[in-house]
Amino acid sequence: DTGVSQNPRHKITKRGQNVTFRCDPISEHNRLYWYRQTLGQGPEFLTYFQNEAQLEKSRLLSDRFSAERPKGSFSTLEIQRTEQGDSAMYLCASSLLGGKNIQYFGAGTRLSVL
Amino acid sequence: ELKVEQNPLFLSMQEGKNYTIYCNYSTTSDRLYWYRQDPGKSLESLFVLLSNGAVKQEGRLMASLDTKARLSTLHITAAVHDLSATYFCAVDDKIIFGKGTRLHILP
Chain D
24 DTGVSQNPRH KITKRGQNVT FRCDPISEHN RLYWYRQTLG QGPEFLTYFQ NEAQLEKSRL
84 LSDRFSAERP KGSFSTLEIQ RTEQGDSAMY LCASSLLGGK NIQYFGAGTR LSVL
Chain Y
-13 ELKVEQNPLF LSMQEGKNYT IYCNYSTTSD RLYWYRQDPG KSLESLFVLL SNGAVKQEGR
47 LMASLDTKAR LSTLHITAAV HDLSATYFCA VDDKIIFGKG TRLHILP
């Protein structure tokens, strides 16, 4: 399967714990995006990378959130000191800059904070 | 700040009928996307519209773009149950999404 892969698919954690999610993009894609989606809403942009550089972070993104993309390949999204309001589906997408720049989405990681 | 508004947010329709979903956005944008999401699944790209007057069609779905009006439409022709899903429009490279239109097609 050469699509976008996200792990884990589900994560249940207690409030105050740290969690880390991983995204493996389509191999030749140089852009990688993180979104958050809550029930009944559209995906909300969090941050994106072009190669290894993090080019933009949403103003809504708390300091407890950090993302990395070492070597411009896979990316990790870490949430520190989780809160119940962090419960959501975290989606990763990748694209090839230029042309249509279509984003291909992974299946997501569903986070439940108890 | 770029805003994307879709209407209707919910749509229940009979098989065989035609309907249109509307997507308005607040500032100029180079491209507009339509995505489909099935319950519990991720998003699937349907169309990318890159210029004023662009029209794309795939099966019973047709999308169009009017950049002057900042409006895109997704037209459904002779709906079938398999088209039941949530449809999102989105604009800009960072992809600002609308809230989605939950389409339910009754057999």
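Residue numbers (this note's numbering), protein chains in the order written: chain D, 24 to 137; chain Y, -13 to 93.
Yeah, the Cβ is synthetic: ideal placement off N, Cα and C, and Gly gets one too.
Given the structure is predicted, the values throughout are model-derived calculations rather than measurements.
Discussion item. Let's see if you can read the secondary structure: which residues bound the beta strand (DSSP E) around T70(D)?
Written reply: E67 to Q73
Worksheet entry | Pairwise C-alpha distance: R22(Y) and R46(Y) | 14 Å
Worksheet item: Should Q64(D) be flagged as near chain Y, meaning a C-beta pair shorter than 8 Å?
Response: yes
Practice prompt. Measure the C-alpha to C-alpha separation of L134(D) and Y58(D) and round it to an integer number of angstroms.
Written response: 13 Å
Worksheet item: Since A116(D) and V27(D) are thought to touch, with beta carbons under 8 Å apart, how far apart are those beta carbons, to the nearest angstrom?
Response: 6 Å
Practice prompt. Determine the DSSP secondary structure at H52(D), reduced to helix, strand or coil.
Written response: coil
Item to complete: Would you mind stating whether E79(D) and K94(D) have Cβ atoms separated by less than 8 Å?
Response: no
Worksheet entry | Given 8 Å, three or more beta-carbon pairs between the stretch 83 to 91 of chain Y and the stretch -9 to 8 of chain Y | yes
Item to complete: Check each candidate in K3(Y), S28(Y) and Q43(Y) and name the one with the smallest Cα separation from A71(Y).
Response: S28(Y)
Item to complete: Could you work out which residues of chain D lie near F83(Y), taking near to mean beta carbons separated by less than 7 Å?
Response: G65 and P66
Discussion item. Output needed in chain order: residues of the stretch 25 to 50 of chain Y with a Cβ under 8 Å from some Cβ in chain D.
Written reply: K27, S28, L29, E30, S31, V34 and L36
Item to complete: Could you tell me whether the Cβ atoms of A49(Y) and S37(Y) are closer together than 8 Å?
Response: no
Discussion item. With the cut-off set at 8 Å, would you say Y113(D) and F44(D) are in Cβ contact?
Written reply: yes
Worksheet item: Name the chain D residues that come within less than 8 Å of F74(Y), Cβ to Cβ?
Response: G65 and P66
Fill in: Within 8 Å, strictly: CB atoms of K34(D) and T99(D)
no
Discussion item. What does the Cβ neighbour count give for D109(D), buried or exposed, with the cut at 16 atoms within 10 Å?
Written reply: buried
Worksheet entry | Rounded separation between A111(D) and G39(D) - CA only | 16 Å
Item to complete: Measure the Cβ-Cβ separation of I81(Y) and Q60(D) and say whether it is below 8 Å.
Response: no
Worksheet item: Three-state secondary structure (DSSP) at Q107(D)?
Response: helix
Discussion item. Taking 8 Å as the limit between beta carbons, can you name the residues of its chain near R32(D), skipping five residues before and five after?
Written reply: A130, G131, T132 and R133
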